[in-house]
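One structure is given below, encoded as structure tokens.
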Amino acid sequence: MNSDTYIPIETITQTKLQKSEFPVYIETYGCQMNFADSELVSGIMNKNGYSNVYSPDGASVILLNTCSIRENAESKIYKRLGELRKYKKKNPSLIVGILGCMAERLKRDIFLKSDVVDLVLGPDEYRKLPSMIENLVNTGEKGVAVRLSRVETYDDITPLRKEGISAWLSIMRGCDKFCSFCVVPYTRGRERSRKLESILKEVIRLWNEGFKEVTLLGQNVNSYRSEGKDFSDLLKSCAEAVPDIRIRFTTSHPQDLSLKLIETIARYDNLCKYIHLPVQSGSDRILKLMQRNYTTEHYLKIIDNIRKAIPDASLSTDIIAGFCTETEEDHLMTLELMKQVRYDGAYMFKYSPRENTKAWKMKDDVPEEVKTKRLMEIIELQNKISEEKNREEIGKIHEILIEGPSRKSPGKLKGRTDGNKTVIVSCDSFITGQLVKVKITSSNSATLFGEPVSSK
Ligand code: SAH
Ligand code: SF4
Ligand code: F3S
């Protein structure tokens, strides 16, 4: 072939595909890391000349960034794919893609489950999305990319965030803990951390762009490691680099939450005094079966250390009801532990067996109605504790970051305390992103209500 007749493939595809007139819409399910990933994908698409839209109507590409954590997370996606069939009928050239954990778990089997799907991309393959769309448009071939990577951190990709005051920032990917119930190590692959310098640069950029709060994300942030630096070092660097940005993080695994970390959080004003520390169960026998690598004694010791160093720390947790072989006695131990710790909040779930995990081979022997009953008892207890704890806040003064108008209480504003509690403020003269001192005047189990305190 001589050079005159050689047309680079790029040129061919570009004439076929007017990327800017090819709007991409992403719908996100699952954890915060998926939300952060959707912003990465938008960043990748944007860099490649595509436009991003925030509604499925009029989109040429609809991407569902999916979650596999429990069976009902996946059922939601199948339901959504059923609805998308209507969109595809109206617009047969519409492209539908599955991203995220379900893509990784089910791979090309998704095509068997739904004929609406054209593309399947796992969490470490997002760089391929633009070329896979082009290939699909050019050849009509459906595409699958589901290789997990040991190194991909998307360090060089600038996420496309919607304007706002709070930003998600993934500091690591994957998980090596292999809790016996959990699908994440299989859908997200091995643990790997982003470079400290690059995270620091991003935090500084976020501050310069007007963000007031950043949440550092990882399945287990305590095992962050980069060039000899650990998570405490990262927090310290961020806290010092942007002293006026609020810094949060999630999730901490109890196994490796160090004293050094607790001391770091205590030392810096802009590190939020809020720790999400999933316990999962209050029974040591169940914790062992779950492969959580800690006992309730160790867990309670950490809580004790946190409370000693940070007396006003807010604590939340995750709890699973009805794990394999869980007896009424085990369940009562969970309730007991909740009473002992008195969490400010909790995410509570019924155990859902996930294929290929270690627990999949155990017998899911707690009957559904028993799981439901135990979950209801856990939720009821937590609501009671949350209500009591929130009532204790009445009369106290908190610094609130205003997030915008309250949807439920028109004319009022919504914000959050350092400890991550929602506060409705009866005053509309503040602006989003402002830090305001508020006196708490009333409360319920989910929300605090307050009035601004004049600064003089
Ligand atoms: N990395 C985090 C958890 C991420 S998943 C941690 O270890 O703390 C979020 C929560 O979902 C878990 O803490 C657990 O409570 C719940 N979960 C995970 N797998 C589950 C399953 N198979 N059934 C029910 N709940 C599950
Ligand atoms: Fe799942 Fe355990 Fe990893 Fe959390 S630490 S993501 S529960 S395997
Ligand atoms: Fe779900 Fe995957 Fe997050 S399974 S909870 S989206 S890591």
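Mapping to my numbering: the sequence shown position 356 is 1624, numbers consecutive. Don't be surprised by glycine CBs; every beta carbon is placed ideally from N, CA and C.
Please determine, among the options, the residue with the shortest C-alpha to C-alpha distance to residue i.
i, options, result
"Y1611", "D1633, F1617, K1629 and E1655", "E1655"
"K1705", "T1715, N1488, I1665 and E1671", "I1665"
"K1639", "K1576, D1598, N1624 and I1425", "D1598"
"E1459", "L1416, T1334 and N1476", "L1416"
"V1419", "E1431, E1393, K1357 and L1397", "E1393"
"S1754", "A1507, L1468 and A1509", "Because the chain spans 1269 through 1724 in this model, residue 1754 falls outside it and cannot be assessed."
"C1450", "T1700, T1426, M1558 and R1429", "M1558"
"P1360", "F1617, V1384 and I1670", "V1384"
"N1770", "Q1650, P1673 and R1675", "This structure cannot settle anything about residue 1770, because the visible part of the chain is limited to 1269 through 1724."
"I1439", "K1480, E1402 and K1497", "K1497"
"S1505", "Q1487, F1617, S1491 and E1470", "E1470"
"V1482", "W1436, F1717 and E1465", "W1436"
"S1697", "D1423, A1714, D1686 and G1679", "G1679"
"S1722", "S1306, C1695, T1426 and D1632", "C1695"
"V1510", "K1480, P1522 and I1530", "K1480"
"P1291", "N1302, M1301, S1319 and A1304", "S1319"
"A1341", "E1660, K1618, G1718 and K1676", "K1618"
"T1593", "I1554, G1486, I1578 and L1600", "I1554"
"P1546", "L1503, G1613 and E1508", "G1613"
"L1681", "L1362, V1489 and G1701", "G1701"
"T1455", "L1464, R1441 and S1461", "R1441"
"G1390", "P1398, L1529 and E1372", "E1372"
"A1304", "G1350, L1349, L1367 and G1326", "L1367"
"I1646", "I1587, L1716 and K1569", "I1587"
"D1501", "V1309, K1707, Q1487 and L1529", "L1529"
"D1386", "L1404, C1369 and L1503", "L1404"
"S1382", "K1410, P1579 and K1396", "K1410"
"V1412", "L1349, I1699, I1425 and L1374", "L1374"
Should residue i go down as buried or exposed, given a rule of 16 or more other Cβ atoms within 10 Å for buried?
i, result
"T1563", "exposed"
"T1407", "exposed"
"G1365", "buried"
"S1636", "Contrary to the premise, residue 1636 reads as Glu rather than Ser in this sequence. Classification for E1636: exposed."
"S1271", "A caution first: S1271 carries a pLDDT of 37, below 50, which makes its placement in the model unreliable, though a value can still be read off. Exposed, by the Cβ-count rule."
"E1648", "exposed"
"E1431", "exposed"
"L1525", "buried"
"K1724", "With a pLDDT of only 42 at K1724, under the threshold of 50, the placement of this residue in the model should not be trusted, and no figure is reported."
"L1709", "Just to set this straight, residue 1709 is Thr in the shown sequence, not Leu. By the neighbour-count rule (16 or more Cβ atoms within 10 Å), T1709 is not buried but exposed."
"P1673", "exposed"
"Q1286", "exposed"
"Y1346", "exposed"
"F1591", "buried"
"P1522", "buried"
"T1532", "buried"
"R1514", "buried"
"S1461", "buried"
"S1288", "exposed"
"T1595", "exposed"
"A1714", "exposed"
"I1401", "buried"
"Q1446", "The amino acid at residue 1446 is misidentified as Gln; the sequence shows Phe. The residue is exposed, with fewer than 16 neighbouring Cβ atoms inside 10 Å."
According to DSSP, what are the bridge partners of residue i?
i, result
"I1588", "F1617"
"F1233", "Residue coverage of the chain in this structure runs from 1269 to 1724, which leaves residue 1233 outside it and unanswerable."
"A1413", "L1389"
"R1441", "R1460"
"T1334", "G1368"
"F1717", "I1692 and S1710"
"W1729", "The first residue shown for the chain is 1269 and the last is 1724, placing residue 1729 beyond what the model contains."
"K1705", "E1667"
"I1363", "V1329"
"L1583", "I1543"
| query | Any contact of the segment 1622–1630 with the segment 1685–1698, i.e. 3+ C-beta pairs under 8 Å? | reply | no
| query | Counting pairs of Cβ atoms below 8 Å between the segment 1310–1321 and the segment 1333–1346, do you hit three or more? | reply | no
| task | Mind the definition here: the segment 1282–1302 touches the segment 1371–1380 only if three or more C-beta pairs lie below 8 Å; say whether that holds. | result | no
| alpha helix (DSSP H) segments (min. 4 residues) lying fully within the segment 1633–1697 | Every unbroken stretch of the alpha helix (DSSP H) spanning 4 or more residues and falling wholly within the segment 1633–1697 is given here in chain order: 1636–1660.
| request: Decide yes or no for the touch test of the segment 1467–1480 against the segment 1347–1367: beta carbon pairs closer than 8 Å, at least 3 of them. | output: no
| field | Segments assigned alpha helix (DSSP H), at least 4 residues, entirely inside the segment 1462–1512 | value | For the segment 1462–1512, the full-length alpha helix (DSSP H) segments reaching 4 residues or more read 1464–1476 and 1499–1509 along the chain.
| message | As an exercise, report each continuous beta strand (DSSP E) stretch of at least 3 residues that is fully enclosed by the segment 1283–1332, in chain order. | response | 1292–1296
| query | Should the segment 1606–1623 be called in touch with the segment 1532–1540, which here means at least 3 C-beta pairs below 8 Å? | reply | no
| Between the segment 1509–1518 and the segment 1539–1552, are three or more C-beta pairs nearer than 8 Å? | yes
| Is it true that the segment 1642–1657 meets the segment 1665–1678, where meeting means three or more beta-carbon pairs spaced less than 8 Å apart? | Taking 8 Å as the limit for Cβ pairs, the verdict is that the segment 1665–1678 does not touch the segment 1642–1657.
| Runs of beta strand (DSSP E) wholly within the segment 1525–1575 (minimum 3 residues, chain order) | Qualifying beta strand (DSSP E) stretches, in chain order: 1542–1544.
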